[in-house]
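Enquirer: Pasting a structure below so you can have a look.
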Amino acid sequence: MRAASPSIRHEAGNVQDRDRFLAEVRAAATAPADGAFDLLALSGGGANGAYGAGVLVGWTGHGDRPEFEVVTGVSIGALMAPFAFIGPEGDAALRAAFTDGRSDNVMQPRWAMALWGPGIFSARPLRELVAKAVDEELLRRVAEGHREGRRLYIATTSLDTREQVIWDMGALAASGEPGVRDRFIDILTAAASVPGAFPPVAIELLNNGRRVRELHADGRLTANFFIAPESVLRDNLPIRGRDESAPGRIWVIVNGTPEERFSVAPYSGLAVATRSMEALLNSSTRTSLLAAAQFARLNELAFAAMTLGETAADQALAFRQGHMIALFELGQRRARDGQLWSSEGAN
135 MRAASPSIRH EAGNVQDRDR FLAEVRAAAT APADGAFDLL ALSGGGANGA
185 YGAGVLVGWT GHGDRPEFEV VTGVSIGALM APFAFIGPEG DAALRAAFTD
235 GRSDNVMQPR WAMALWGPGI FSARPLRELV AKAVDEELLR RVAEGHREGR
285 RLYIATTSLD TREQVIWDMG ALAASGEPGV RDRFIDILTA AASVPGAFPP
335 VAIELLNNGR RVRELHADGR LTANFFIAPE SVLRDNLPIR GRDESAPGRI
385 WVIVNGTPEE RFSVAPYSGL AVATRSMEAL LNSSTRTSLL AAAQFARLNE
435 LAFAAMTLGE TAADQALAFR QGHMIALFEL GQRRARDGQL WSSEGAN
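First residue of the sequence shown: 135, per this note's numbering; consecutive thereafter.
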């Protein structure tokens, strides 16, 4: 298989890559088809992604779902993002992926490898789950959207550099290079490979003409969702040209409950580790939401976010069909009824 081209890869800490990312997004913002620039960010959240998938389908049913100029995805949000990017035509595949039971066996433990191997769970079921969703028609539609000037970005975490890496999946789909589908599957699998749970994915890259292999894992290690590389928000760099007059909106779907809430923690090793990770991710997500809202205000963009909410069962590891159907239907119902967004000027 050919190594990944540097042109589809943005290192979050690299200034040249950051500037290239900004140039791509600004170009996407110049002529939105529906008159407004819309950026959708999809977070991680494991099985809670069924809720976000339901939101997208219900949003279509509500009748005001925009065409997104930019879609970004992290972890389970990365698996949803290509279908959100292609529009309502991806709704049937989203529904199937999160409700037909195909994820029931995604967490198959390998106890013999738990201490000495790279992950407790086998990588095969996760990769097969991704491969079932990524067919040639999806790649064709993603490539088509890219040629229209829209952008689809997925984040992984490089375990070699310990930094976020942002992948231009539309450019990959449109490249026409051999092995595009396998590379697409590699990146999506890596994006959802929780360290310690699933083995990281080795991705071969070209670096100054040399082939190198990097280990990539879950994008949540560096950010639960993203609007742009961290330095863009930190330095308040404009995400659109200053002369853009079309309305702009940032939408964030958080597949989980970052709000603080009380529940008794079970006293077991796995439960304590899981609860500790949840506390870390929830705190990071709340900070990221505040930063994204501030970034939107300073850039004169409307901002809207939604979460699973305190009343729903937040069980990121519960890949049971019945549970995921319930979450999907909850998200679909809320979106269809217009009961979703905590917003600052997004209509």
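C-beta atoms are modelled at their ideal positions from N, C-alpha and C, and glycine is treated no differently.
To the nearest angstrom, how far is it from the Cα of Ala163 to the Cα of Val328?
Expert: 33 angstroms
Enquirer: Which residues mark the beginning and the end of the beta strand (DSSP E) in which Leu173 is found?
Expert: 171 to 176
Enquirer: Would you call Thr194 buried or exposed, if buried means 16 or more other Cβ atoms sit within 10 Å of its Cβ?
Expert: By the 10 Å Cβ count, Thr194 comes out buried.
Enquirer: Let me know the secondary structure DSSP gives Ala469 once reduced to three states.
Expert: DSSP, reduced to helix, strand and coil, places Ala469 within a helical segment of the structure shown.
Enquirer: Considering just the uninterrupted stretch of the alpha helix (DSSP H) at Phe359, what are its terminal residues?
Expert: Where Phe359 is concerned, there is no enclosing alpha helix (DSSP H), given that its DSSP letter is neither H nor E.
Enquirer: Mind checking Val149: buried by the 16 CB within 10 Å criterion, or exposed?
Expert: exposed
Enquirer: Fully enclosed by the region 144 to 212, which alpha helix (DSSP H) runs are 4 residues long or longer?
Expert: Annotation note: the region 144 to 212 contains the following uninterrupted alpha helix (DSSP H) runs of length 4 or greater, listed N- to C-terminal: 149 to 162, 183 to 196.
Enquirer: Is the distance from the Cβ of Gly390 to the Cβ of Leu415 below 9 angstroms?
Expert: yes
Enquirer: Give a yes or no on contact between the region 362 to 373 and the region 152 to 172, applying the rule of three or more CB pairs nearer than 8 angstroms.
Expert: yes
Enquirer: Buried or exposed, going by whether 16 or more other CB atoms sit within 10 Å of the CB of Arg383?
Expert: Around the beta carbon of Arg383, a 10 Å sphere encloses 16 or more other beta carbons of the protein chains shown; the residue is thus reported as buried.
Enquirer: Out of curiosity, what's the CA-to-CA distance linking Ala230 and Glu434?
Expert: 37 angstroms
Enquirer: Kindly indicate the opening and closing residues of the alpha helix (DSSP H) around Ser292.
Expert: No alpha helix (DSSP H) contains Ser292, which is instead part of the beta strand (DSSP E) from 285 to 292.
Enquirer: Can you find the residues in the same chain that come closer than 7 angstroms, C-beta to C-beta, to Arg236, ignoring five residues on each side of it along the sequence?
Expert: These residues qualify, in order along the chain: Leu263, Lys266.
Enquirer: At the level of alpha carbons, what is the spacing between Ile321 and Ile337?
Expert: 8 angstroms
Enquirer: Leaving out five residues on either side along the sequence, give the residues of the same chain with a beta carbon under 8 angstroms from the beta carbon of Ser418.
Expert: Once the five neighbours on either side are set aside, the close Cβ partners of Ser418 are Ala357, Asn358.
Enquirer: For Arg284, which residues of its own chain have a beta-carbon under 6 angstroms away from its beta-carbon, when the five flanking residues on both sides are left out?
Expert: Ala162, Glu203
Enquirer: Would the beta-carbon of Asp151 fall within 9 angstroms of that of Ile300?
Expert: yes
Enquirer: Which class does Gly313 belong to by DSSP, given the choice of helix, strand or coil?
Expert: coil
Enquirer: Which residues share a DSSP beta bridge with Gln298?
Expert: Thr291
Enquirer: Can you grab the Cα-Cα spacing for the pair Tyr185 / Gly343, in whole Å?
Expert: 43 angstroms
Enquirer: If you draw a straight line from the alpha carbon of Asp352 to that of Ile387, how long is it in whole angstroms?
Expert: 18 angstroms
Enquirer: I need the DSSP call for Phe453, collapsed to helix, strand or coil.
Expert: When DSSP states are grouped into helix, strand and coil, Phe453 belongs to the coil group.
Enquirer: Taking C-beta to C-beta, are Leu367 and Ala426 nearer than 9 angstroms?
Expert: Closer than 9 angstroms, so yes.
Enquirer: Kindly list the residues whose CB is nearer than 8 angstroms to the CB of Arg143, restricted to its own chain and excluding five residues on each side of it in sequence; keep chain order.
Expert: Around Arg143, the same chain offers Asp151, Val299, Ile300, Trp301, Asp302, Leu339 as residues with beta carbons nearer than 8 angstroms, after the five sequence neighbours per side are excluded.
Enquirer: DSSP puts Trp385 in a beta bridge; with which residues?
Expert: Leu174, Ala438
Enquirer: Starting from the C-beta of Leu355, find all residues in its chain whose C-beta is less than 6 angstroms away, skip the five residues before and the five after it, and write them out in chain order.
Expert: Within its own chain, the residues whose Cβ lies closer than 6 angstroms to the Cβ of Leu355, once the five positions on either side in sequence are excluded, are Thr291, listed in chain order.
Enquirer: Out of Ala167, Ser256, Arg275, Gly169, state which residue places its alpha-carbon closest to the alpha-carbon of Ala215.
Expert: Arg275
Enquirer: Can you name, in chain order, every residue of its own chain whose Cβ lies under 6 angstroms from the Cβ of Gln224, other than the five neighbours on each side?
Expert: Checking the sequence, you will find Gly at residue 224 rather than Gln. Correct list, in chain order: Phe217.
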